[in-house]
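Take a look at the structure below.
Residue numbers (full-length UniProt numbering): 1 to 385.
This is how it looks when you write it as structure tokens:
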């Protein structure tokens, strides 16, 4: 479908009205507010039809359609029709990853509901296309993750530029684990940006790989080894490895947080290490990952002389809302302003109650304590003050 049609559907006033109402409902419900947000069924049906058109557009449009499905399900989790609608939109937008949170849809990978012959076939096809088996367990990818996996499997050198919530780290680590477990007596290099991450990453690798690899956090000479070696190193610690293993290429080199190459203090170290590695280890596959940065691969090509494919996205399978809260002590209320994925603004206020008035009047610390408490304990939030 043309992305133009999808864009028109998601920009339609009937879609935006319901989308914004669903966001308001989610925010107030999670704040334990007594305010009810009621949406008539006809408006929901029309908005769902528009969301279905949007789910066939480009990745940003798919992301909005997917968010609508999640919001509709959270509006009334007990409603079977909303459950099915959410799953259909997630499937069409290529985000089966989120469907594992839908209660009552599948049990032990067996479907509990029928959608009709045509839809059942469509949904089964999507599950087949986006599913991959790992040790007898099926894991579902998003479209972006599947495309990334296929490029990694092809053996190309690649720079991955995407938001943290896109799942890029999950896919890259899965690929590294897969490569290690399918090989023997090879060595791999995992470059982390700081000493603080060495123990975290090495412990994670050791736990996952068990007996299939020896994980080292500094270079040490091994006369002979019958299992894979994984070096988890900072760029500075890579220098010794380069000196001793100049003529022996690792199977794979992964640079995490590659945007540090543009850091004013350590950027030169990154450049030096990357240049020496790509020059010395011609047979290695290089994978570099960082947050979404426009033309990150062009910055890298100024340093290295290898074919480097860029794989980027701005989309995320996770529903993210930017919320601004302003406390008005005298009126004993909080004003909220939510910037939605469609770009519109949902705003309003709710009563904080007389009991909190004195606390909020005492100190900024009490204000912050209250503001953090209004976010649901199961949510993940970044809070700026």
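No residue lacks a Cβ here, since even glycine has one placed at the ideal position from N, Cα and C.
Three CB pairs or more closer than 8 Å across the stretch 158–173 and the stretch 269–288: Touching, yes, given that three or more Cβ pairs across the two stretches are closer than 8 Å.
Stretch-stretch touch, CB-based, cutoff 8 Å, three pairs: the stretch 229–242 with the stretch 125–139: Output reads no: the stretch 125–139 does not touch the stretch 229–242.
For residue 317, which residues in the same chain have their Cβ closer than 8 Å to its Cβ, ignoring the five residues on either side in sequence? Hits under 8 Å: 63, 66, 95, 97, 98, 142, 165, 166 and 167.
Assigned secondary structure, residue 219 (DSSP; H/G/I helix, E/B strand, else coil): The answer is coil: DSSP assigns residue 219 none of H, G, I, E or B.
Work out the CA separation of residue 23 and residue 348 for me, nearest whole Å. Cα to Cα, the separation comes out at about 12 Å.
Range of the contiguous beta strand (DSSP E) that encloses residue 139: From DSSP, the beta strand (DSSP E) with residue 139 extends over 137–140.
First and last residue of the uninterrupted beta strand (DSSP E) at residue 133: Secondary structure note for residue 133: its beta strand (DSSP E) is the uninterrupted segment 131–134.
Using C-beta distances below 6 Å, list every residue in its chain close to residue 4, excluding the 5 sequence neighbours before and after it, in chain order. Non-local C-beta neighbours of residue 4 in its own chain, meaning closer than 6 Å and more than five positions away in sequence, are absent.
Indicate whether the contact test is met: 3 or more Cβ pairs, each with one atom in the stretch 116–131 and one in the stretch 84–94, closer than 8 Å. Contact between the stretch 116–131 and the stretch 84–94 is present, because at least three Cβ pairs lie under 8 Å.
Return the CA-CA distance between residue 76 and residue 39, expressed in angstroms with no decimal places. Residue 76 and residue 39 have their C-alpha atoms some 11 Å from each other.
Whether residue 241 touches residue 179 by CB criterion (8 Å): It is not a contact, given that the beta carbons lie outside the stated cut-off.
Would you check if there are 3 or more beta carbon pairs closer than 8 Å linking the stretch 50–64 to the stretch 11–31? Counting Cβ pairs under 8 Å, three or more are found: they touch.
Contained alpha helix (DSSP H) runs [length at least 4] in the stretch 229–305, N- to C-terminal order: Runs of the alpha helix (DSSP H) spanning 4 or more residues and lying entirely within the stretch 229–305 occur at 238–244, 267–280 and 296–301, in chain order.
In terms of DSSP beta bridges, what is residue 348 paired with? According to DSSP, which records beta bridges pairwise, residue 348 is partnered with 336.
Quick one: Cα of residue 92 to Cα of residue 42, how far? Answer to the nearest angstrom: the Cα atoms are 22 Å apart.
According to DSSP, simplified to helix, strand and coil, what is residue 314? In this structure, DSSP gives residue 314 a state outside helix and strand, which the three-state scheme calls coil.
When the distance is taken between beta carbons, is residue 151 closer than 8 Å to residue 297? Result no, Cβ atoms of residue 297 and residue 151 do not sit closer than 8 Å.
Count Cβ pairs between the stretch 244–260 and the stretch 189–206 that sit closer than 8 Å; are there 3 or more? Per the Cβ contact rule, the stretch 244–260 is in contact with the stretch 189–206 (3 or more Cβ pairs under 8 Å).
Residue 124 and residue 54 closer than 8 Å at C-beta: Cβ distance not < 8 Å, so residue 124 and residue 54 don't count as in contact.
Just reading off the beta strand (DSSP E) that residue 324 is part of, what are its end residues? For residue 324, the enclosing beta strand (DSSP E) starts and ends at 322–328.
Residues bridged to residue 190 by DSSP? The partner list for residue 190 (beta bridge, DSSP) reads 232 and 254.
Got a sec? Which residues, its chain only, sit under 7 Å from residue 342 by beta carbon, not counting five neighbours each side? Excluding sequence neighbours, residue 342 sits near 10, 16, 19 and 64.
Nearest to residue 281 by alpha carbon, out of 303, 184 and 245? For the residues 303, 184 and 245, the minimum Cα distance to residue 281 belongs to 245.
Starting from residue 91 and walking both ways along the alpha helix (DSSP H), at which residues does that stretch end? Residue 91 -> alpha helix (DSSP H) spans 80–92.
Would residue 432 be called buried (16 or more neighbouring beta carbons within 10 Å of its own) or exposed? The question about residue 432 has no answer here: the residues shown for the chain are numbered 1 through 385.
What's the call for residue 175, buried or exposed, on a 16-neighbour Cβ count within 10 Å? Using a 10 angstroms sphere on the CB of residue 175, the tally of other CB atoms reaches 16 or more, which defines it as buried.
Give me the Cα-Cα distance between residue 79 and residue 102, rounded to the nearest whole angstrom. Cα to Cα, the separation comes out at about 12 Å.
For residue 238 versus residue 215, is the C-beta spacing smaller than 8 Å? For residue 238 and residue 215, no; Cβs fall outside 8 Å.
Going by the beta-carbon positions, is the gap between residue 304 and residue 275 smaller than 8 Å? Result yes, Cβ atoms of residue 304 and residue 275 sit closer than 8 Å.
Which value, in whole angstroms, describes the spacing of the CA atoms of residue 322 and residue 219? Approximately 44 Å between the Cα atoms of the pair.
Since residue 13 is in the alpha helix (DSSP H), which residue starts that stretch and which ends it? Counting along the chain, the alpha helix (DSSP H) containing residue 13 begins and ends at 13–30.
Roughly how many angstroms lie between the CA atoms of residue 21 and residue 88, to the nearest whole one? Between residue 21 and residue 88, the alpha-carbon positions lie close to 21 Å from each other.
Looking at the secondary structure, which residues open and close the alpha helix (DSSP H) in which residue 41 lies? Here the alpha helix (DSSP H) through residue 41 covers 41–54.
On the CB-based measure, 16 or more other CB atoms within 10 Å of its CB, does residue 70 come out buried or exposed? The residue is buried, with at least 16 neighbouring Cβ atoms inside 10 Å.
With distance defined between alpha-carbon atoms, name the residue in 134, 260 and 319 nearest to residue 450. There is no way to answer for residue 450, as the model of the chain reaches only from 1 to 385.
Looking at the unbroken beta strand (DSSP E) that takes in residue 202, where does it start and where does it end? Where residue 202 is concerned, there is no enclosing beta strand (DSSP E), although the alpha helix (DSSP H) it sits in stretches over 195–209.
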